[in-house]
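A short worksheet on the structure shown next.
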Amino acid sequence: MALDKDQFIEDLKGASISDLNDLVKAIEDEFGVSAAAPVAAAGAAGGAAEAKTSFNVELTGAGSAKIKVIKAVREITGAGLKDAKDMVDNAPTVIKEDLSEDEANDMKDKLEEAGATVEVK
Numbered sequence: 066m067a068l069d070k071d072q073f074i075e076d077l078k079g080a081s082i083s084d085l086n087d088l089v090k091a092i093e094d095e096f097g098v099s100a101a102a103p104v105a106a107a108g109a110a111g112g113a114a115e116a117k118t119s120f121n122v123e124l125t126g127a128g129s130a131k132i133k134v135i136k137a138v139r140e141i142t143g144a145g146l147k148d149a150k151d152m153v154d155n156a157p158t159v160i161k162e163d164l165s166e167d168e169a170n171d172m173k174d175k176l177e178e179a180g181a182t183v184e185v186k
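Each residue of the sequence shown is one higher than the one before, starting from 66 at the first, in our numbering.
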């Protein structure tokens, strides 16, 4: 039996929304398919195409060597003693923003060597 596409489309145009909904459900049940759009897959593919180019270095904790961490923060940021101490005391706090991945990882390494806990975001 050949399917007359034009007649099928005309029949669909004349159907009510309820009839179309029932048709979709019947087709899904009969053939084991879903008419839902693959939104999650499309969203994931779109996110993968956009590579992150800007990173922030966030101090999440000072650890036990707080003075070493304050010195490292001063060295990295150029901030004064009070400002660096405030950053360390108020962790989690962003130390530097809008860095390249290499710069962010270098800062993370320096802070971790001083005893801090750090995240690159």
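Glycine included, each C-beta is placed from N, C-alpha and C at the ideal position.
Check                                                                                                                                                        : Outcome
Applying the criterion that 16 or more other CB atoms from any shown protein chain within 10 Å of the CB defines a buried residue, is F73 buried or exposed? : exposed
Determine, using beta carbons only, whether L124 and I160 come nearer to each other than 8 Å.                                                                : yes
Are there 16 or more other CB atoms within 10 angstroms of the CB of K173, so buried, or fewer, so exposed?                                                  : buried
What did DSSP end up calling L68 once you bin it into helix, strand or coil?                                                                                 : coil
How far does the beta strand (DSSP E) with V98 in it extend, from its first residue to its last?                                                             : From DSSP, V98 is part of no beta strand (DSSP E); its letter is neither H nor E.
Mind checking which residues open and close the beta strand (DSSP E) that includes K161?                                                                     : 158-164
For a quick check, are the C-beta atoms of V134 and G143 less than 8 Å apart?                                                                                : no
Kindly indicate the opening and closing residues of the beta strand (DSSP E) around T125.                                                                    : 120-126
Out of curiosity, what's the CA-to-CA distance linking A176 and V153?                                                                                        : For clarity, residue 176 is Leu in the given sequence; the question names Ala instead. Approximately 11 Å between the Cα atoms of the pair.
Taking 8 Å as the cut-off, decide whether the C-beta atoms of A179 and A137 are in contact.                                                                  : yes
What are the boundary residues of the alpha helix (DSSP H) that A137 is part of?                                                                             : 131-142
Using only alpha-carbon positions, find the residue among I132, E166, E184 that is nearest to A116.                                                          : E166
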